[in-house]
Structure formats: C-alpha cells, structure tokens
Amino acid sequence: MIVILVLCSSGAPVKQKWTRDMYAKHDYKSFAQLPMARQPIDVHNIDYALLNAAIFYATNWQRDKHRRKPFQHSPALEKAAFEHSKNMIQYDFFSHESPLPNKQKFWQRLKAEGVSGGASSENIAMHSNLSNSYLETAKALVLTWMDSPGHRSNILNESYKYLGCGAYIGKYKGWSEKIKATQNFSTTDAPNSKEIVIDYK
Numbered sequence: 025m026i027v028i029l030v031l032c033s034s035g036a037p038v039k040q041k042w043t044r045d046m047y048a049k050h051d052y053k054s055f056a057q058l059p060m061a062r063q064p065i066d067v068h069n070i071d072y073a074l075l076n077a078a079i080f081y082a083t084n085w086q087r088d089k090h091r092r093k094p095f096q097h098s099p100a101l102e103k104a105a106f107e108h109s110k111n112m113i114q115y116d117f118f119s120h121e122s123p124l125p126n127k128q129k130f131w132q133r134l135k136a137e138g139v140s141g142g143a144s145s146e147n148i149a150m151h152s153n154l155s156n157s158y159l160e161t162a163k164a165l166v167l168t169w170m171d172s173p174g175h176r177s178n179i180l181n182e183s184y185k186y187l188g189c190g191a192y193i194g195k196y197k198g199w200s201e202k203i204k205a206t207q208n209f210s211t212t213d214a215p216n217s218k219e220i221v222i223d224y225k
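Per the numbering used here, the very first residue in the sequence shown carries number 25; after that it's consecutive.
Right, here's the structure in full:
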C-alpha cells in the first residue's frame, strides 16, 4: 500500500481526448511530447483515458531505463484496473481487497474481463490531490511505486508482457480530492481484449 502526497494544480480544460488507437501510434517518448499529455489536470474535466495512458507510458519509461521490454497495452487489464480504482473511490476504501461480490480478489477482477492463466499481479496507490500535468502526475506516481520493492518488482518483472492502468478522482474518508490508481500486470491477455468497452465516466 502506498500513500502519495502531492500538491494540487488546476489548468485549462482537456481539448483533445485520448483514444485507444493512439496506443499503437506512440511509445513513451512520443507520448511525452504530446501537448495533451503536458497539460494541467482540471479536476472538473478529467480525461480518464488520457490519465490511464499517462500512467501506462510512465511505467514503460521505467521499463526502458532498466532495459526491460515495454509493456503492451491491454484494454482488458485497463478496464479491470480502472473499475477497481473507481470502486475504491465510490465505496470509500483503499485496498487490493474489494467489498464487491465476485471482485474481492484482483484475479477475480481480471478473470471477469477474460484474463486467466499465466501469472499476474496488481499495484495500487493513492495521491492527495493532483500535481502538474497528466504526465508529471503519472511519473510521480510510478516513481513512488519504484521506491517500493514489491511494486518495483512487478513493474520490472520480465515475465509480464501486458499492462493496464486505471485511475479515478474523488474523496477518501471525507478528506480532500484524491487520485486512486491501479496497475494490472499479466503474462497473458484476454482473447477479446481489443473488443472490450471501457466506460470512463
């Protein structure tokens, strides 16, 4: 479990939305040059797909730095990660263990999206408020995971091939706005992963 304290920032509304097909067009270097990745996060107009992508690419940045192959994006893993983060906000908890039926364990959440067999794991984290741009917020989050041996091991595990990241913003235990984030890693992907629809509301 990681709790990250960062400073709050506000900025212009998101002008361009991130779409799934953009994963095939960018690596972490080209993503970092996108104006949309470098714009401040407006808590009243969050592009969750972009925030998830920023965490994904910030993770691949670490993979490259440590001479690991980049992760491939998995919509199935992203959906499981995003929904867990959203549930942590909506049901006011912070844990790998969910109170929701059939979603208590992370492997149950992955299986529900068609990811089964092979090895898998999960990282979670929490920010107090938001900091700077989508990319800078994601990099700070991933760097904190890298400072934790267990989380770092998941990020740098050479057996894992697929990654999905999800984050959501809301209050926790009556405190100020927080971002809760989840990473799901796996050696396999769902057979129908590309067909999976994610509701970013």
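Heads up, the beta-carbon is just placed ideally off N, CA and C, and yes, glycines get one too. Predicted, not measured: the structure shown is a model, and the values here were computed from it.
Annotation: I70 to G194 spans about 12 Å, alpha carbon to alpha carbon. The shortest C-alpha to C-alpha distance from F55 to any of N178, P64, Q132, I79 is the one to I79.
Counting along the chain, S145 sits inside the beta strand (DSSP E) bounded by residues 144-152. DSSP, reduced to helix, strand and coil, places F209 within a strand of the structure shown. Judged by beta-carbon spacing, F95 lies beyond the 9 Å limit of G190, meaning their Cβ atoms are not closer than that value.
Note that the stretch 46-66 does not touch the stretch 136-145; fewer than 3 beta-carbon pairs, one per stretch, sit closer than 8 Å. Looking at the DSSP output, H97 bridges to L187.
N147 places its beta carbon less than 9 Å from that of Q207. S144 counts as buried, since no fewer than 16 other beta carbons sit within 10 angstroms of its beta carbon. Residue state for Y72 is assigned as helix, using DSSP reduced to three classes. Annotation for D213: S98, A100, V139, Y186 place their beta carbon closer than 7 Å to its own, counting only its chain and skipping 5 residues before and after.
The straight-line gap separating the alpha-carbon atoms of R87 and N126 is approximately 32 Å. One Cα belongs to M150, the other to A205, and the distance between them is close to 6 Å. Looking at the DSSP output, I203 sits in a beta bridge with H151, I193. In the structure shown, the three-state DSSP call for P64 is strand. Taking the Cα positions, A104 is about 8 Å away from A136.
A direct Cα-Cα distance of roughly 20 Å separates S183 from D51. For S119, the secondary structure class from DSSP, reduced to helix, strand or coil, is coil. Minimum Cα-Cα distance from I179 among the listed residues E219, A73, K225, W85 corresponds to W85. Between A82 and K163, the C-beta spacing is below 9 Å.
Under the DSSP assignment, R133 falls in the alpha helix (DSSP H) whose first and last residues are 130-136.
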